[in-house]
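Chains as they are written, first to last, in my numbering: chain L, 1 to 279; chain E, 280 to 558. All C-beta atoms in this analysis are idealised placements derived from N, C-alpha and C, irrespective of residue type, glycine included. Right, one structure below, let's go through it.
Number of protein chains: 2
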Amino acid sequence: MSILETPYQELAQEASRDLKGDGVSALLKQVVQLALRFLTKECDRLKLKSSVPGKEYFSFRVKGKKNKFSRPINSKLFDPGTAVKLIDRLVSAELAGVSQAQRGRALYSAAMSYCCATDLLKSDDRKTPATFFEIFVGHLASRAFNINPHKKIDVLALAPGYSLPTDFVFDLGPAKSRIHLPVKISTRERIIQVWAHQRVLDGVYGINRFRGILVCLTETNMVRKDLSVLEVCLPEQWAIYQMFISQLYRIYYFDLPVKYAPLAKRYPIHSGQQLFRVL
Amino acid sequence: MSILETPYQELAQEASRDLKGDGVSALLKQVVQLALRFLTKECDRLKLKSSVPGKEYFSFRVKGKKNKFSRPINSKLFDPGTAVKLIDRLVSAELAGVSQAQRGRALYSAAMSYCCATDLLKSDDRKTPATFFEIFVGHLASRAFNINPHKKIDVLALAPGYSLPTDFVFDLGPAKSRIHLPVKISTRERIIQVWAHQRVLDGVYGINRFRGILVCLTETNMVRKDLSVLEVCLPEQWAIYQMFISQLYRIYYFDLPVKYAPLAKRYPIHSGQQLFRVL
Chain L
1 MSILETPYQE LAQEASRDLK GDGVSALLKQ VVQLALRFLT KECDRLKLKS
51 SVPGKEYFSF RVKGKKNKFS RPINSKLFDP GTAVKLIDRL VSAELAGVSQ
101 AQRGRALYSA AMSYCCATDL LKSDDRKTPA TFFEIFVGHL ASRAFNINPH
151 KKIDVLALAP GYSLPTDFVF DLGPAKSRIH LPVKISTRER IIQVWAHQRV
201 LDGVYGINRF RGILVCLTET NMVRKDLSVL EVCLPEQWAI YQMFISQLYR
251 IYYFDLPVKY APLAKRYPIH SGQQLFRVL
Chain E
280 MSILETPYQE LAQEASRDLK GDGVSALLKQ VVQLALRFLT KECDRLKLKS
330 SVPGKEYFSF RVKGKKNKFS RPINSKLFDP GTAVKLIDRL VSAELAGVSQ
380 AQRGRALYSA AMSYCCATDL LKSDDRKTPA TFFEIFVGHL ASRAFNINPH
430 KKIDVLALAP GYSLPTDFVF DLGPAKSRIH LPVKISTRER IIQVWAHQRV
480 LDGVYGINRF RGILVCLTET NMVRKDLSVL EVCLPEQWAI YQMFISQLYR
530 IYYFDLPVKY APLAKRYPIH SGQQLFRVL
């Protein structure tokens, strides 16, 4: 059993009880600190070949174990020192006054910590990193909105009492749009689901009753044969989904892919507002 | 290397060259015959516990190997004798005159043959059974429509020359709706993609310009701990997708799930037509 197993289990349990609570803050702090300590003390960094203009990547390997790699890490964004320094403010979502650049590095480092450690401590575990990231983002969002999210909505059009499972939904009160907050480690071709769910929400409740905010970690992919890193992006397909399925209100990345950045300014997908932002 | 490896590779290659051609008919015949011979000669049947009212299931195991099971098979639909007897007509899509019951058993047995054999001959190969089923259904449909499908459509609204990858699309001529034919071994939660793609087609080309016809094999799932079989179905969610995302024209199953059958007659999802049919 890995050092992260017990704290992760406790975190998942506490998050399902009270996602925005101080208990989750404390457990997130514990998991991130343990993971960062493991990565910085017990692992070496291996520089990877970057196929992405302007970005550099490395991978962690446990010292003495040459054949197992963590997922690729953006060198400029990974900054465990800042993450540890800001850890209490980070896990409580009290980041006002911290510069955007520092905040971005702290968030990225904390989010990647558990994922990379799990890549090295377990075999082929794709589920718990995704859940960890969902808890991390959901916790920060629920503290920022000061309310816990739901994971289903009533669809009275269909049948009395019937509810549809959803991603996080935050109800900000009667005179405000609710927030539909899907959280994904990476998107690949499954992402069309997010626009489709937004379409259902628009249809059931009316346009702008739910604002769709997609939060993603990264789109990196490591090519094993030459240890190179690329970003898997489908900007043309996203433009089509945004035009023809539904309209997401914002898309945030912890590590904004180079090919998605221009979508923020692209007519007619989103005019007058920035669709894409980094957190 | 398994006995099916080479014929499968040849089939996949030929299918990408000319899906409706006689070459694919011949290779499908060879793969189905080899797979059925392997299953009936070299394997034993193990009866499974059915949690589905009115259906019975078994699993194949290689003789002498107790620990590896094929996916569950519907006992009433699996009929290798009929599949072999009708094999030439089956792979040429010349089934007129064959009773619906016989046709259903021959199609189900042929479709399951490669999938079950692969479950036993390889480890954790989920990709080639899905591709085999797609080729099988795509071949029959392209012979029935007498035209090869495309796997992309032009989206001129976005940019000159840009095309969107799709499932099979059959162009039946200027005065007819085109056919949008997604083919899935089973659906699970990913299936919302099909309604979302249909929505994009409706938006780009106009309503009823593409008729969506979803073809699925089965929704069975085997619970390992007690060797029981259930059908994973989400009829309420499908009803919501059909009401709020887009309208599929038909959904066909090789093994129609018990919980989806009533959707065929359910108001307001589809009135005046049968949405669900078995092939």
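Taken through DSSP and simplified to helix, strand or coil, arginine 488(E) comes out as coil. For isoleucine 471(E), the closest Cβ of chain L is nearer than 9 Å.
In the structure shown, the three-state DSSP call for threonine 187(L) is coil.
In summary, glutamate 293(E) is buried, with 16 or more beta-carbon neighbours lying within 10 Å of its beta-carbon over all protein chains present.
Shown here for valine 494(E): same chain residues with a beta carbon closer than 7 Å to its own, the five before and five after excluded, namely Val416, Leu460, Val462, Tyr531 in chain order.
Among the residues of chain L, those whose CB is under 8 Å from the CB of arginine 478(E) are Ala196, Arg199, Phe244, Ile245, following chain order.
The beta-carbon separation of alanine 396(E) and leucine 283(E), rounded to 6 Å, stays under the 8 Å limit for a contact. Between arginine 71(L) and cysteine 115(L), the C-beta gap is smaller than 9 Å, which places the two residues in contact. Of all residues in the stretch 231-242 of chain L, only Glu236, Gln237, Ala239, Ile240, Tyr241 place a beta-carbon less than 8 Å from a beta-carbon of chain E. For leucine 164(L), the enclosing beta strand (DSSP E) has its first and last residue at 163-170. For the stretch 295-360 of chain E, the continuous beta strand (DSSP E) assignments of 3+ residues that do not extend past its boundaries occur at 322-326, 336-341, in sequence order. Following the DSSP letters along the chain, one finds arginine 103(L) inside the alpha helix (DSSP H) bounded by residues 100-121. Threonine 499(E): member of the beta strand (DSSP E) spanning 499-502, first to last residue. The shortest CA-to-CA distance from proline 514(E) to any of Ile470(E), Leu386(E), Gly343(E) is the one to Ile470(E).
Membership of glutamate 236(L) in the alpha helix (DSSP H) is indicated by the continuous run 235-244. Secondary structure at lysine 259(L): coil, using DSSP grouped into helix, strand and coil. Within chain E, no residue has its CB atom less than 8 Å from the CB of valine 24(L), the nearest being about 26 Å off. For aspartate 154(L), the enclosing beta strand (DSSP E) begins and ends at 150-154. Taking all protein chains shown into account, leucine 36(L) has 16 or more neighbouring C-beta atoms within 10 Å of its C-beta and is therefore buried.
Counting along the chain, serine 421(E) sits inside the alpha helix (DSSP H) bounded by residues 406-424.
Lysine 544(E) counts as exposed, since fewer than 16 other beta carbons sit within 10 angstroms of its beta carbon. Contact with chain L is absent for glutamate 498(E), since none of that chain's Cβ atoms lies less than 9 Å from the residue's Cβ. Out of Ser50(L), Thr6(L), Gly81(L), the CA that lies nearest to the CA of leucine 39(L) is found in Gly81(L). Per DSSP, isoleucine 530(E) is one residue of the beta strand (DSSP E) stretching across 529-532. For valine 483(E), the residues of chain L that pass the 8 Å Cβ criterion are Ile240, Phe244, in the order they occur in the chain. Across the stretch 141-160 of chain L, CB contacts with chain E closer than 8 Å involve Val155, Ala157, Leu158, Ala159, in sequence order along the chain.
Under a criterion of Cβ atoms nearer than 7 Å, the residues of chain L adjacent to tyrosine 441(E) are, in order, Glu236. Linking glutamate 56(L) to valine 229(L) through their CA atoms gives a straight-line distance of about 9 Å. Rounded to the nearest angstrom, the Cβ distance from isoleucine 519(E) to valine 200(L) is 6 Å, consistent with a contact under 8 Å.
Taking C-beta separations shorter than 6 Å and ignoring five residues to either side along the sequence, the partners of serine 388(E) in its chain run Phe357, Asp358, Pro359, Ala362, following chain order. Under the Cβ criterion of 9 Å, glutamate 189(L) is counted among the residues facing chain E.
Interface flag for proline 165(L) against chain E is set, since a Cβ pair is found closer than 9 Å. For isoleucine 458(E), the secondary structure class from DSSP, reduced to helix, strand or coil, is strand. Straight across, the Cα-Cα distance linking glutamine 309(E) with glutamine 193(L) is about 38 Å. For valine 229(L), the enclosing beta strand (DSSP E) starts and ends at 228-231. In chain order, Ile213 place their CB closer than 6 Å to the CB of arginine 250(L), counting only its own chain and leaving out the 5 sequence neighbours on each side.
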